[in-house]
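Engineer: Take this structure first; my questions come after.
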Amino acid sequence: MIGTPTRVLVVDDDPIAVEIILEYLDGMPVEITTAHDGQAGWEVLSAHPGEFDVILLDRMMPRLNGIQLLQRIRAEERFEALPVIMQTSAADQREVLEGLQAGAYYYLTKPFRKEMLRSIVRAAAADYARVKTLRDELRKQAGALNLLRIGRFEFRTLVEAMDLGAFLARAFPDPDRVLIGLSELLVNAVEHGNLELSYDDKGRLEEIGGWKGEIERRLADPALGVRVVVVELERRTESVTVTIRDQGRGFDPEPYLRVDPARLFDTHGRGILIAKTMSFDELEYRDCGREVVAVVKTVPGPPSAS
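Going by our numbering, the sequence shown opens with residue 375, and the numbers climb by one from there.
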């Protein structure tokens with residue numbers, strides 16, 4: 375059975391660049407719509423909400439540049455989770471940071487290779503499909519979690535991580551805000567924590583289509599597969615706190631808590647940064663990265679020193 379094609383909106387004022395993109399994506403299961411500048415892109419998107427899975431956006435354009443269009447997209451709730459791939463001519467940290475703050479978590483540096491474009495489009499589309507699935511699950515969950523004060527949960531698999539993320543998000547004041555970041559932390563605890571899949575190995579496996587098989591192999595491993603992730607949730611008057619602990623070897627979280635322009639051009643590795651910048655008010659790793667504590671404040675208070 376043939377799956378639904380990925381619907382891509384390409385916004386670029388350079389016809390040669392558009393032709394290159396069309397050529398590079400030829401043969402992939404995609405449907406491509408083009409817009410000749412930022413204003414035209416906005417008009418297409420706003421006239422057809424819900425019809426695109428990925429936006430491929432040039433930074434420098436007339437009328438409405440890439441950052442301005444991105445800010446307009448992120449200002450509307452209906453587009454807040456729509457993945458935007460920003461094309462830029464230079465991997466300048468200031469420009470990358472500006473794009474990140476505006477909501478661009480995928481980057482391509484011109485000139486880019488065919489396989490890089492295809493890989494990042496696949497990754498962005500897969501991430502968006504996962505977000506839509508999570509939000510569907512979120513809507514199905516009952517509202518009884520507002521009665522919960524303290525809870526403890528254990529799980530092993532990525533499917534269980536996704537299900538638990540959709541369930542626990544209901545315990546927070548704004549479930550949609552925390553959903554993606556919480557799910558990323560839960561998935562990381564299994565994938566990189568208990569199953570000990572390294573950042574580099576994941577990138578290599580995604581390139582060759584071997585990631586899913588490797589996860590299944592590690593879950594079947596008698597040493598790795600029996601490990602559990604323990605989650606504790608506490609709801610107080612002033613905050614909601616979730617503590618996630620895995621049984622892996624640990625890692626250094628510092629590089630993933632800040633903007634690294636080089637890593638933004640990879641097809642993965644944004645989860646912790648998304649959790650820190652978008653989902654939670656406080657995020658702290660402990661015990662060599664085996665435990666993470668994430669907090670959403672329900673009563674305004676002084677900013678965290680961390």
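Ideal placement from N, C-alpha and C gives every residue a C-beta, glycine not left out. Please read these numbers as outputs of a predicted model, since none were measured by experiment.
Identify whether Ile494 lies in helix, strand or coil by the three-state DSSP scheme.
Structural biologist: helix
Engineer: Does the distance from the CB of Arg492 to the CB of Leu399 come in under 8 Å?
Structural biologist: yes
Engineer: For Ile524, count the other beta carbons within 10 Å of its own beta carbon; 16 or more makes it buried, fewer makes it exposed. Which is it?
Structural biologist: exposed
Engineer: Per DSSP, what are the beta-bridge partners of Ala409 in this structure?
Structural biologist: Val385
Engineer: Excluding five sequence neighbours on each side, which residues of the same chain lie with their C-beta closer than 6 Å to the C-beta of Glu682?
Structural biologist: Nothing can be reported for residue 682: it is not among the residues displayed for the chain, which extend from 375 to 680.
Engineer: Going by DSSP, which residues form a beta bridge with Phe527?
Structural biologist: Val605
Engineer: Which partner residues of Met460 appear in the DSSP bridge assignment?
Structural biologist: Beta-bridge partners assigned by DSSP to Met460: Leu431 and Tyr481.
Engineer: Return the residue from the list Thr617, Glu558 and Leu474 that minimises the CA-CA distance to Asp634.
Structural biologist: Leu474
Engineer: Residue range of the alpha helix (DSSP H) that Leu657 falls in?
Structural biologist: Per DSSP, Leu657 lies in no alpha helix (DSSP H); the unbroken beta strand (DSSP E) holding it starts and ends at Glu656 to Arg660.
Engineer: According to the neighbour-count rule (16 or more other Cβ atoms, all chains shown, within 10 Å of its Cβ), is Pro547 buried or exposed?
Structural biologist: exposed
Engineer: Does Val633 come out as helix, strand or coil in the three-state DSSP assignment?
Structural biologist: coil
Engineer: Round the Cβ separation of Thr380 and Val404 to the nearest angstrom and send it over; I've been treating them as touching at under 8 Å.
Structural biologist: Confirmed, about 5 Å.
Engineer: Do you know whose CA, among Ala597, Gly539, Gly567 and Val428, lies nearest Leu556's CA?
Structural biologist: Gly539
Engineer: In whole angstroms, give me the CA-to-CA distance for Glu612 and Val670.
Structural biologist: 9 Å
Engineer: Mind checking which residues open and close the alpha helix (DSSP H) that includes Glu558?
Structural biologist: Taken as a continuous stretch (DSSP letters only), the alpha helix (DSSP H) holding Glu558 covers Pro549 to Asn562.
Engineer: Starting from Ala597, follow the beta strand (DSSP E) in both directions and report where the run begins and ends.
Structural biologist: Per DSSP, Ala597 belongs to no beta strand (DSSP E) and is neither H nor E.
Engineer: Between the region 453–461 and the region 480–491, can you find at least three pairs of beta-carbon atoms closer than 8 Å?
Structural biologist: Three or more beta-carbon pairs drawn from the region 480–491 and the region 453–461 are found closer than 8 Å, and the two stretches are therefore classed as touching.
Engineer: Kindly give me the distance between the Cβ atoms of His410 and Asp427, rounded to whole angstroms, as I take these residues to be in contact under 8 Å.
Structural biologist: Contact flag wrong, Cβ pair sits at about 21 Å.
Engineer: Measuring alpha carbon to alpha carbon, tell me which residue in Asp655, Arg660 and Gly643 is nearest Val673.
Structural biologist: If we check each option's Cα against that of Val673, Asp655 comes out closest.
Engineer: If you draw a straight line from the C-alpha of Glu393 to the C-alpha of Ile406, how long is it?
Structural biologist: 12 Å
Engineer: Taking the continuous alpha helix (DSSP H) assigned at Lys586, which residues delimit it?
Structural biologist: Trp585 to Leu593
Engineer: With DSSP as the reference, please indicate the residues paired to Ser613 in a beta bridge.
Structural biologist: Paired residues: Lys671.
Engineer: How is Glu665 classed by DSSP in three states: helix, strand or coil?
Structural biologist: strand
Engineer: Got a sec? Which residues, its chain only, sit under 6 Å from Leu571 by beta carbon, not counting five neighbours each side?
Structural biologist: Glu565
Engineer: Nearest-angstrom Cα distance between Asp510 and Gly401?
Structural biologist: 30 Å
Engineer: Between the C-alpha atoms of Leu579 and Thr615, what's the straight-line distance to the nearest angstrom?
Structural biologist: Leu579 and Thr615: Cα-Cα distance of roughly 34 Å.
Engineer: Is Thr717 helix, strand or coil when you go by DSSP?
Structural biologist: A question about residue 717 goes unanswered here, because the residues of the chain that appear run from 375 up to 680.
Engineer: Pull up the distance between the alpha-carbon of Ala498 and that of Ala478, whole angstroms please.
Structural biologist: 11 Å
Engineer: Under 6 Å Cβ to Cβ from Phe625, same chain only, skipping five residues before and after it: list those, please.
Structural biologist: In the same chain as Phe625, and ignoring 5 residues on each side of it, the C-beta atoms closer than 6 Å to its own belong to Gly663, in chain order.
Engineer: Compute the beta-carbon to beta-carbon distance between Leu522 and Arg609, rounded to the nearest angstrom, for a pair I have assumed lies under 8 Å.
Structural biologist: 6 Å
Engineer: By Cβ distance below 8 Å, which residues in the same chain neighbour Thr531 in space, the five residues on each side in sequence not counted?
Structural biologist: Once the five neighbours on either side are set aside, the close Cβ partners of Thr531 are Val564 and Leu593.
Engineer: Give the DSSP bridge partners of Ile684, in chain order.
Structural biologist: Because the chain here runs from 375 to 680, residue 684 falls outside it and cannot be looked at.
Engineer: For the alpha helix (DSSP H) containing Ala535, list its first residue and its last residue.
Structural biologist: Element bounds for Ala535: Leu532 to Leu542.
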